[in-house]
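Peer 1: Below you'll find the structure I mean.
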Amino acid sequence: DRGNEEELLKLKRLRDRAPFAVVGANTLIVGDGGIRVRARSYPWGVVEVENMEHNDFAALRYLLLTAFMQELRDVTHNVHYENYRTAKLSGIAQESHFQTRDGKDPMSLMEAEKKEHEAKMRKMEAEMESVFEQKVEEKNQKLREFENDLMRRADQMREQLRAQEQEQEAARRAFDLERSNWEEAWREWDIGADIGTNGATLGLGERVINEVIKERAKTEKKRKGLF
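Position 171 (the sequence shown) corresponds to 171 in full-length UniProt numbering; numbering is contiguous.
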């Protein structure tokens, strides 16, 4: 956006002032207009610290403390300090002629220990991942077994229900058949009760029909006064 463009232009103008000519001072003097400013006095004149027409102190301060502070810290820590530390430790090792049991200097030993530690960490991570995957697989296996058991029980229940339905259907058909036979026998009995003396029947069964005929004949004789 416009703000970023203006900031980039400002940084470019400040960096174009390199190499920087810097003047510092703790002395306050009265400048033009009666304003007290920090400046350094020379026989040939006065250099104001904050005046960018006199020196580059303000430009350098802005670049270091405002624009590139984090970069300055990172470079100082990761480059300059590391170089200093390496050189210092190497110098101490060389001056002391200190050797480990493997004939390695401290820097080489530290690097080897670092690599060994990283290898152990990778191994532990791989083992933990393997154990985690194994636990997950065991859990999934138990879930599959539980699901199969539920399906088996559901199939058994369906088979039991189907068998019960078949038994009930067979019992119902047997009951219907028995009821139909009973109703048919009852109807034939009623018909047999109305048979005349000639012995005609509609098929109740020979023994039953004969009994019906005999009883009917006795009733007719009694009615006619033969006994």
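Note that the Cβ used here is the ideal one computed from N, Cα and C, for glycine as well.
(1) Could you check if residue 185 is buried or exposed, using at least 16 other CB atoms within 10 Å of its CB as the buried criterion?
(2) How about residue 55 and residue 23: are their beta carbons less than 8 Å apart?
(3) Just to confirm, is the Cβ distance from residue 71 to residue 58 under 8 Å?
(4) Candidates 12, 149 and 76: which alpha carbon is nearest residue 62's?
(5) Using only CA atoms, which one of 64, 180, 125 and 42 lies nearest to residue 20?
(6) List in chain order: all unbroken alpha helix (DSSP H) runs of 4+ residues lying wholly within the segment 105-139.
(7) So residue 47 and residue 40 are supposed to be a Cβ contact under 8 Å. How far apart are they, rounded?
(8) In the DSSP output, what is residue 42 paired with across the bridge?
(9) Could you check where the alpha helix (DSSP H) with residue 65 kicks off and where it finishes?
(10) When you compare only the Cα positions, how much space is there between residue 85 and residue 117?
(11) Which value, in whole angstroms, describes the spacing of the CA atoms of residue 163 and residue 170?
(12) Just grab the DSSP bridge partners of residue 36 for me.
(13) Mapping the DSSP letters down to three states, classify residue 77 as helix, strand or coil.
(14) Who are the near neighbours of residue 14 in its chain, counting only those whose CB is closer than 7 Å to its CB and skipping five residues on each side?
(15) To the nearest angstrom, how far is it from the Cα of residue 123 to the Cα of residue 144?
Peer 2: So, from the listed chains and residues:
(1) exposed
(2) yes
(3) no
(4) 12
(5) 64
(6) none
(7) 5 Å
(8) 45
(9) Counting along the chain, residue 65 falls outside any alpha helix (DSSP H), and DSSP gives it neither H nor E.
(10) 22 Å
(11) 10 Å
(12) 30
(13) helix
(14) 59, 62 and 63
(15) 31 Å
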